[in-house]
Amino acid sequence: MRECIHCVTDFDPNSSAKKRVGGKINECPDCVEELGTETAVKYLGLQAGEGKTASISIVAFESDEDRQAYSKAWKAVTGFHKGKSCHLSGSQTTIGNRPMRHIAYNSGNSNHKGKS
Ligand SMILES: [Zn+2]
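Be aware that the sequence shown starts at 2, since it is given in this note's numbering, and climbs by one per residue.
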């Protein structure tokens, strides 16, 4: 447990609420939300459902709103949790031109048999 520097209440820095709102390690989740001390928009890790070694993209956004919208669209388009069957559908969610930049892209290895 840690003591919050703002309200001097003990809180669990590993709690899901704390992880969700972010903020500094010595600020309780309530104060982070109330005071709006968390300003960084979290990176979003995207994983394609291609098999054992999936492609991973890490992208940054200018706002949480964009991040969430992109995440939602990505999951709809790539069939996250649904397999690739959704690609057969005629309707697709549009990802759109949201402001973002790629931080990193780790391409999956399509050679499943381990040959070089
Ligand atoms: Zn607090």
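A virtual CB, placed ideally from N, CA and C, is assigned to each residue, including glycine.
Since we're looking at a predicted model, the values are computed, not measured.
{"Asked": "As assigned by DSSP and simplified to three states, the class of valine 60", "Found": "strand"}
{"Asked": "Beta-bridge partners of methionine 101, as assigned by DSSP", "Found": "Phe62"}
{"Asked": "Endpoints, alpha helix (DSSP H) assigned at glutamate 28", "Found": "Counting along the chain, glutamate 28 falls outside any alpha helix (DSSP H), and DSSP gives it neither H nor E."}
{"Asked": "Per-residue burial, cysteine 29 [other beta carbons within 10 Å of its own, 16 or more giving buried]", "Found": "buried"}
{"Asked": "Glutamate 35, DSSP secondary structure in three states", "Found": "helix"}
{"Asked": "Arginine 21 classed as buried or exposed, judged by whether at least 16 other C-beta atoms fall within 10 angstroms", "Found": "exposed"}
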